[in-house]
Structure formats: C-alpha cells, structure tokens
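Asks: Residue numbers (my numbering), protein chains in the order written: chain A, 1 to 219; chain B, 1001 to 1219.
The beta carbon of each residue, even a glycine, is placed where N, CA and C say it ideally should be.
Please read these numbers as outputs of a predicted model, since none were measured by experiment.
Just passing along the structure, written as structure tokens.
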C-alpha cells in the first residue's frame, strides 16, 4: 500500500477536481503513473487545495512527491541521515502551515518548497534566520523599469527554467551545484575550484543570461 | 528611483542560502523595495527548485508521512508575523518589512547612541559572530566623517540620501564597500539620512603568527 493510500481518509468525491490527482475515494489503488509526471500546475493545485480547504489528501500527495526529493537534496547538502528525516518533516509541516503564502505567479511549487527547506535548514543547523523578502507595493520606491507585462512573462518563463537549468554548460552547473548543495558563498567556490573570483561572478552572470535566452527561445 | 543594486553574486548567495543572517537581511530589505532584484531572486531561487525537482529520490517510509500527518493540527507556537500597525507611520514608511521583525519599537523610541552631534547609531541585537548590524542616522546637509573599513560594509539607504565620490545614493539604493575604500559621503540637504549598515569585521589575531595568518583570514 502506498503512503497516499495509507493517508486517505475517504473524504473526496468522484467529481472533486483533485480526484484525478489523488485517486478516487474508497479505492486502495493509487495511480502511481502520475507520480513522476506531476506538472507544475498540478503541484500548484495541490498546494492551493491545502490553502483553501486544508485538504489532507492533497498534502499526502504532495508529501509523496517531495519528501523523497527533499531527503535526497538534504543528504547531498551533507545533512546526516539521522537529521534529514527531521528536516523533511519540518519542511513539509511548514508547507502545510504556510500554504496560503504560496503564490503561483511568483514561482513554481518546487521553488517555493526549496526556499522553505533552505530556511528550515539554516534555522536548524546554523541557528540563524534567513530573512524573507516580498515586493512591498506599499513602499513608495518601486523600481519603475518593470511593469505588469514583465510579471506575466516571468510567470510563463518559470515553468521552463528547470529544463533550462539542466542544459547549462558544465562550468556554470558546477558553480550552481557547489552553491546549492555545498552551501558555499561565491568567494569560497572560487577558492575551491582555484579560479579567480571574477570568473565565478561571470559564470553566474552567464548562467542567468543563458537561462533567460533559453527560456525566451521556447516562448 | 533605485539605481544601485547588489551585485548578482550576492543575490546568488542569498538564493543558495550561503549568506549569513545580517547580509541576507540587507538583501531581503533591498529586494522588498526593488522589483528588479525581487525578480532576479525569484529566478535564482528557481535554480534551487530545479535542483530539488531533479534530486534523485531518497527512500521515504510510510511512517514518515504518518508522523507528519499527526502533527498537522498542532498549534504553531511562535508567530512569525508582526502586524505593521504596531509601528507609527514614520517607522513603517521607513523600515522595510524584513527589518521590522528585528525592531523593538518606533524609530523615535529606539536607544540611539550619539556619535557627535550629527550622527547617531542604533545597534541591532543579531548574534552572528563577526557581524555588526545597525541603523545609522546622519543629519541632513552634513559631511560624514572620513573613514575606511576594516571589513566589508553594506549600506542600504532607508531615508534621505547622500553623495559619495560622484555617485548619488537614495532610498532603496544598495552600496557595498570593501576595505580598500576611503571615503567621505556627503548627506543630502532637506532630510536626515537613515541607513541600514552591515559590517563584517575580520577576525584580528593577536598571537605570534597573526602577521602571517591575517592576510588569509576572511569572514
């Protein structure tokens, strides 16, 4: 029996918009074919279901998708196997509690959950906060060079960023992996790879520019 | 209008989680008033989302989901949000949201330490070794003292403005300086300048080898 089946509490009707995603009520068979192919929209819909109706089935489905990934990610970051379960649990608990703050126009579900895990990890292992940001429309100093149109484009872009990240040249990918998996600031990455600081900076810039181009090409 | 932004590598370090809390705070404050950097950060964090989505799956036991499910209804103990209504208008107009969590009261009620007649300073209680985070207030129309830095200095202008070596900084602008800078900024007329200043002071060793070690120590 799958974890979703275990978690099912028989509350979802056949016609519920999520029944396709998390299987129909009363059945012990969960369509695991969906497992590896959940789209960004489906993942976002699961988070919305948690935000709107505290839907536990949606949470279980989301857990099934993300918990194994969060665990692998944590292990890559050097979190001990003893602690990584706690990190995964705490992260998913925050997903449940903060679901209202998920904003699909700001980024993908994976982006949002990555930031929750990042902040949790810093809190647990570094005993520091990682202050969050959110564009404050009420502040009177909004940078005027980007308008609402850019926001729409930015949203369309994001679904393709994952693909674009995977096609980055090795030299750029290496820096991204060192930063995100090894938790190293750019200065330390330069020392590690024995390359000048300026090279790290330019590779970050190139990666950003390339992501932008790769994403644009596919629009 | 914001014309001075943090370098892309600082945004990159924020996104990966490699920045210490004081610097992450400064970046979060800038981003909450700058649409451009907000968007850059979303994109950089999307790199983390892509890496998470692609993380090889670690085995997760059904009991782990059950453990989280039983905790979903636990009441969250600490509240992470602080209503802005607890601050007066002058304070909430000046202090970006991420910084409000650290502020014990209104600007006028803070324990300002006076440095001469024209400068006052409020030190935040952020306990991260090697860092000092403060609000600085400079009287309108006066030159600041000529100074150099022992470490790196990141200044975020929150009110008023100043000119420094031919460049002008105003509300929302981010100004990073390393120890090679000797400067004497001149505060604009008309309004006091308030800035969030983060300094990372290098460790100074007093032992017999300090002369040899110091050049290699970097925080």
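Looking only at its own chain, which residues have a Cβ that is under 6 Å from the Cβ of residue 102 of chain A, when we skip the five neighbours before and after it?
Replies: On the first chain, position 102 is the one that residue 102 of chain A refers to. Correct list, in chain order: 47, 112.
Asks: Count the other C-beta atoms from every protein chain shown that fall within 10 angstroms of the C-beta of residue 93 of chain A, then say buried if there are 16 or more, exposed otherwise.
Replies: By one-based count along the first chain, residue 93 of chain A stands at place 93. Per the 10 Å Cβ criterion, buried.
Asks: Is it the case that the Cβ atoms of residue 1158 of chain B and residue 1196 of chain B are separated by a distance below 8 Å?
Replies: The sequence position of residue 1158 of chain B within the second chain is 158, counting from 1. The sequence position of residue 1196 of chain B within the second chain is 196, counting from 1. Yes.
Asks: Interface residues of chain A around residue 1059 of chain B at Cβ under 8 Å?
Replies: As a working mapping, residue 1059 of chain B is identified with position 59 in the second chain. The contacting residues are 68, 71.
Asks: Since residue 1071 of chain B meets chain A, which of its residues come closer than 7 Å, beta carbon to beta carbon?
Replies: Looking up residue 1071 of chain B in the second chain gives position 71. Those are 93, listed as they occur along chain A.
Asks: On the CB-based measure, 16 or more other CB atoms within 10 Å of its CB, does residue 1228 of chain B come out buried or exposed?
Replies: The requested residue 1228 of chain B is not part of the displayed model; chain B covers only 1001 to 1219.
Asks: Check whether the region 61-72 of chain A touches the region 1058-1065 of chain B, counting contact only when three or more Cβ pairs, one atom from each stretch, lie closer than 8 Å.
Replies: The region 61-72 of chain A is in contact with the region 1058-1065 of chain B.
Asks: Listed in chain order, which residues of the region 1142-1157 of chain B have Cβ atoms closer than 7 Å to some Cβ of chain A?
Replies: Residues passing the 7 Å Cβ filter: none.
Asks: Quick check on this structure: which residue in A:189, A:62, A:181 has the alpha carbon closest to the alpha carbon of residue 110 of chain A?
Replies: As a working mapping, residue 110 of chain A is identified with position 110 in the first chain. Taking only the C-alpha atoms, the option nearest residue 110 of chain A is A:62.
Asks: Using a Cβ cut-off of 9 Å, pull out every chain A residue sitting near residue 1008 of chain B, in sequence order please.
Replies: Against the second chain, residue 1008 of chain B aligns to sequence position 8. Near residue 1008 of chain B (Cβ distances below 9 Å), the residues of chain A are 201, 204, 205, 208.
Asks: Do residue 128 of chain A and residue 1020 of chain B have their beta-carbon atoms positioned less than 8 Å apart in this structure?
Replies: Counting from one through the second chain, the residue named residue 1020 of chain B turns up at place 20. Counting from one through the first chain, the residue named residue 128 of chain A turns up at place 128. It is a contact, given that the beta carbons lie within the stated cut-off.
Asks: Straight-line CA distance for residue 1201 of chain B to residue 1183 of chain B?
Replies: If you number the second chain from 1, residue 1201 of chain B lands on position 201. If you number the second chain from 1, residue 1183 of chain B lands on position 183. One C-alpha to the other measures close to 18 Å.
Asks: Buried or exposed for residue 43 of chain A, going by 16 or more other Cβ atoms inside 10 Å?
Replies: By 1-based counting over the first chain, the position of residue 43 of chain A is 43. The residue is buried, with at least 16 neighbouring Cβ atoms inside 10 Å.
Asks: So the candidates are B:1162, B:1175, B:1029; which of them puts its Cα closest to the Cα of residue 1152 of chain B?
Replies: Against the second chain, residue 1152 of chain B aligns to sequence position 152. The option with the nearest alpha carbon to residue 1152 of chain B is B:1175.
Asks: Strictly below 7 Å CB to CB, what residues from chain B border residue 184 of chain A?
Replies: For the purposes of this step, residue 184 of chain A is taken as the residue at position 184 of the first chain. Simply 1018.
Asks: If you follow the beta strand (DSSP E) that residue 1044 of chain B is in, where does it begin and where does it stop?
Replies: Indexing the second chain from 1 puts residue 1044 of chain B at position 44. Residue 1044 of chain B -> not in any beta strand (DSSP E); alpha helix (DSSP H) instead, spanning 1035-1054.
Asks: Which residues share a DSSP beta bridge with residue 1181 of chain B?
Replies: One-based indexing of the second chain puts residue 1181 of chain B at position 181. DSSP lists no partner for residue 1181 of chain B.
Asks: Would you mind stating whether residue 1051 of chain B and residue 1099 of chain B have Cβ atoms separated by less than 8 Å?
Replies: For this step, residue 1051 of chain B is matched to residue 51 along the second chain. For this step, residue 1099 of chain B is matched to residue 99 along the second chain. No, they are not a contact pair.
Asks: Alpha carbon to alpha carbon, what distance is there between residue 173 of chain A and residue 182 of chain A?
Replies: The count along the first chain starts at 1 and reaches residue 182 of chain A at position 182. The count along the first chain starts at 1 and reaches residue 173 of chain A at position 173. Those two C-alpha atoms are separated by around 13 Å.
Asks: Within the 8 Å Cβ cut-off, does residue 220 of chain A reach chain B?
Replies: One cannot answer for residue 220 of chain A here, as it falls past the ends of chain A, which runs 1 to 219.
Asks: Helix, strand or coil, according to DSSP, for residue 1140 of chain B in the structure here?
Replies: The count along the second chain starts at 1 and reaches residue 1140 of chain B at position 140. Of the three classes helix, strand and coil, the one that applies to residue 1140 of chain B here is coil, per DSSP.
Asks: Would you mind giving the Cβ-Cβ distance between residue 1172 of chain B and residue 1086 of chain B, rounded to the nearest angstrom? I have them listed as a contact below 8 Å.
Replies: The sequence position of residue 1172 of chain B within the second chain is 172, counting from 1. The sequence position of residue 1086 of chain B within the second chain is 86, counting from 1. Not quite, the Cβ-Cβ distance comes to about 23 Å (not below 8 Å), so this is no contact.
Asks: Assuming residue 164 of chain A contacts residue 1012 of chain B (C-beta within less than 8 Å), just tell me the rounded distance between them.
Replies: The count along the first chain starts at 1 and reaches residue 164 of chain A at position 164. The count along the second chain starts at 1 and reaches residue 1012 of chain B at position 12. No, residue 164 of chain A and residue 1012 of chain B are not in contact; Cβ-Cβ is about 16 Å, not under 8 Å.
Asks: For residue 61 of chain A and chain B, any beta-carbon pair shorter than 8 Å?
Replies: By 1-based counting over the first chain, the position of residue 61 of chain A is 61. Not an interface residue.
Asks: Give every residue of the same chain whose Cβ lies closer than 8 Å to the Cβ of residue 211 of chain A, excluding the five residues on either side of it in the sequence, and list them in chain order.
Replies: For the purposes of this step, residue 211 of chain A is taken as the residue at position 211 of the first chain. Once the five neighbours on either side are set aside, the close Cβ partners of residue 211 of chain A are 161, 164, 165, 168.
Asks: Between residue 1086 of chain B and chain A, is there a C-beta pair that is closer than 8 Å?
Replies: The residue labelled residue 1086 of chain B in the question sits at position 86 within the second chain. Residue 1086 of chain B does not count as touching chain A.
Asks: Which chain B residues sit within Cβ distance under 9 Å of residue 193 of chain A?
Replies: Looking up residue 193 of chain A in the first chain gives position 193. Within 9 Å Cβ-Cβ: nothing; residue 193 of chain A doesn't reach chain B, min ~14 Å.
Asks: Counting only the same chain and skipping the five closest in sequence on each side, list residues whose C-beta sits under 8 Å from that of residue 1125 of chain B.
Replies: Indexing the second chain from 1 puts residue 1125 of chain B at position 125. Hits under 8 Å: 1102.
Asks: Going by alpha carbons, who is nearest to residue 114 of chain A out of B:1122, B:1091, B:1179, B:1048?
Replies: As a working mapping, residue 114 of chain A is identified with position 114 in the first chain. Among B:1122, B:1091, B:1179, B:1048, the Cα nearest to that of residue 114 of chain A is on B:1048.
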